[in-house]
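Here is the structure we will look at.
Number of protein chains: 2
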Amino acid sequence: MKKTANATESPLESAGTVRPGGRTARTREAVRRATLAELAEKGFSGLTVESVAIRSGVHKTTVYRRWRTPAALAADALGLAEADPWPLPDAGSLSEDLRSLAAQVVEGFTDPLTGPVTRALVAAAAQTPEAALALRSYLTTRHRQAAAVVHRAVERGELPAATDAEELIRATVAPLYYRLCITTEPVSPEDTTRAVTAALAAARAGVFSR
Amino acid sequence: MKKTANATESPLESAGTVRPGGRTARTREAVRRATLAELAEKGFSGLTVESVAIRSGVHKTTVYRRWRTPAALAADALGLAEADPWPLPDAGSLSEDLRSLAAQVVEGFTDPLTGPVTRALVAAAAQTPEAALALRSYLTTRHRQAAAVVHRAVERGELPAATDAEELIRATVAPLYYRLCITTEPVSPEDTTRAVTAALAAARAGVFSR
Chain A
1 MKKTANATES PLESAGTVRP GGRTARTREA VRRATLAELA EKGFSGLTVE SVAIRSGVHK
61 TTVYRRWRTP AALAADALGL AEADPWPLPD AGSLSEDLRS LAAQVVEGFT DPLTGPVTRA
121 LVAAAAQTPE AALALRSYLT TRHRQAAAVV HRAVERGELP AATDAEELIR ATVAPLYYRL
181 CITTEPVSPE DTTRAVTAAL AAARAGVFSR
Chain B
1 MKKTANATES PLESAGTVRP GGRTARTREA VRRATLAELA EKGFSGLTVE SVAIRSGVHK
61 TTVYRRWRTP AALAADALGL AEADPWPLPD AGSLSEDLRS LAAQVVEGFT DPLTGPVTRA
121 LVAAAAQTPE AALALRSYLT TRHRQAAAVV HRAVERGELP AATDAEELIR ATVAPLYYRL
181 CITTEPVSPE DTTRAVTAAL AAARAGVFSR
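Protein chains in written order, with the UniProt record's numbering: chain A, 1 to 210; chain B, 1 to 210.
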């Protein structure tokens, strides 16, 4: 039975499984949890395959065979996060929905539990092409999913039909990422509101029209 | 004579010196050049105090005494860069000036010579509080200097007098940094234009008014 499960479930095929059933998926999830815990404690520069193997309880040779480097561990954690479900806001107002999305971004960096992990994954992407690709994939997927709030606003007549929804999402979150990751300036509620209001003003002016 | 020069010139006092005259300033400049060259070749994760000392030609004990860590080397390189003069655009049109500033940001990351160094410094900031503080200082200084193009536009009547100039600068560059450093998506000339047009539309709508 175990052999069959291993043969039919590659890590990629099980990527969409949130609560994994097969042994391969369970191993991958255990390694992800250990990776995130290590990143939270030590940052990306402190991440080692060795310590993840020990923490995960997965056999060391298995971990080393599948995830050869700290970058591969970070990239795979991002790959699994990409498949995680997340709460897409739907308040009936684009301004409210964008505000919720913006608040989610800020919380991801400032929450005491998730903040250190989020920062460590961004640091991993700044250092290794493998993690950078995984972060790009993660974020472009999120942009595409979040675009639904813009599509609904277009249907309600709040925005021009030609609005490039993903560009509006990028414009909303970019000023927050700039403060959170680049200038490391504090982000006040006014900064979040300003990011949303500026993106909306540009959208209404047709700047994001295709 | 040498002793006198050392006693009167601290690295901080000579920060404003572009072509340094004293021995301390010359040492600092040599270490900066070696740091930037090492960052270009090896990235921040490959930066060591040892290799910078060798490359700079400065006595190893001097380098180790003043710059104890790779983070200190990266932070000091940013500190010196902050004092460097740079070309502030003045084309007589805010749109043109913002476009020049945006192009400078993109070029800093995509130019074959400066790109690897810029990325390495951002990676350093993502990993160490010391470099993060130095990058924040560098960028907030640049925002303050670049605000001059907005002040001139306000004087020409292009924008509301209450416009927060530095917020408009941040809004202009943030979508570019988001693509360059976070999503690592390519930045097309259209992306640069859109960043400028969106920030301007928001500014005209009064979003950045204090």
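Glycine included, each C-beta is placed from N, C-alpha and C at the ideal position.
Exercise for the section: Take the Cβ of Gly57(B) as the centre, count every other Cβ of all protein chains shown within 10 Å, and call the residue buried at 16 or more, exposed below. Expected result: exposed
Problem - Rounded separation between Pro175(A) and Ala174(B) - CA only - result: 5 angstroms
Handout entry: Cβ separation of Asp84(B) and Val149(B), assumed to be a contact under 8 angstroms, to the nearest whole Å
Key = Incorrect: roughly 18 angstroms between the Cβ atoms, too far for contact.
Problem - Selected residue, minimal CA-CA separation from His59(B), among Val31(B), Lys42(B) and Glu82(B) - result: Val31(B)
Practice task
Kindly indicate which residue of Leu159(B), Thr140(B), Gly206(B) and Arg28(B) has the alpha-carbon position closest to the one of Thr183(A).
Solution key: Thr140(B)
Practice task
Alpha carbon to alpha carbon, how far is Arg179(A) from Pro70(B)? Give it in angstroms, no decimals.
Solution key: 24 angstroms
Practice task
Check distances from the C-beta atoms of the segment 36–53 of chain A to those of chain B and list, in chain order, the residues that come in under 9 angstroms.
Solution key: Gly43, Phe44 and Ser45
Practice task
Quick one: grab the DSSP three-state call for Ser137(B).
Solution key: helix
Exercise for the section: Would you give the residue range spanned by the alpha helix (DSSP H) that Leu78(B) belongs to? Expected result: Pro70 to Ala83
Problem - Environment of Asp111(A) [buried if 16+ CB atoms lie within 10 Å] - result: exposed
Exercise for the section: Identify the continuous alpha helix (DSSP H) that holds Thr27(A) and give its terminal residues. Expected result: Arg23 to Lys42
Problem - Within chain B, the residues that Val207(A) reaches when beta carbons sit closer than 8 angstroms - result: Arg194, Thr197, Ala198 and Ala201
Practice task
Output, in sequence order along the chain, the residues in the segment 125–140 of chain A whose CB is closer than 8 angstroms to any CB in chain B.
Solution key: Ala125, Ala126, Gln127, Ala132, Leu133, Leu135, Arg136, Leu139 and Thr140
Exercise for the section: Taking only beta carbons into account, state which residues of the segment 176–188 of chain A come closer than 7 angstroms to chain B, listed in chain order. Expected result: Tyr177, Tyr178, Cys181, Ile182, Thr183, Thr184 and Glu185
Problem - Cross-strand partners of Ser209(B) (DSSP beta bridge) - result: Thr163(B)
Exercise for the section: Measure the CB-CB distance between Thr48(A) and Glu38(A) and report whether it falls below 9 angstroms. Expected result: yes
Handout entry: Residue-chain proximity (Arg32(A), chain B), Cβ-Cβ < 9 angstroms
Key = no
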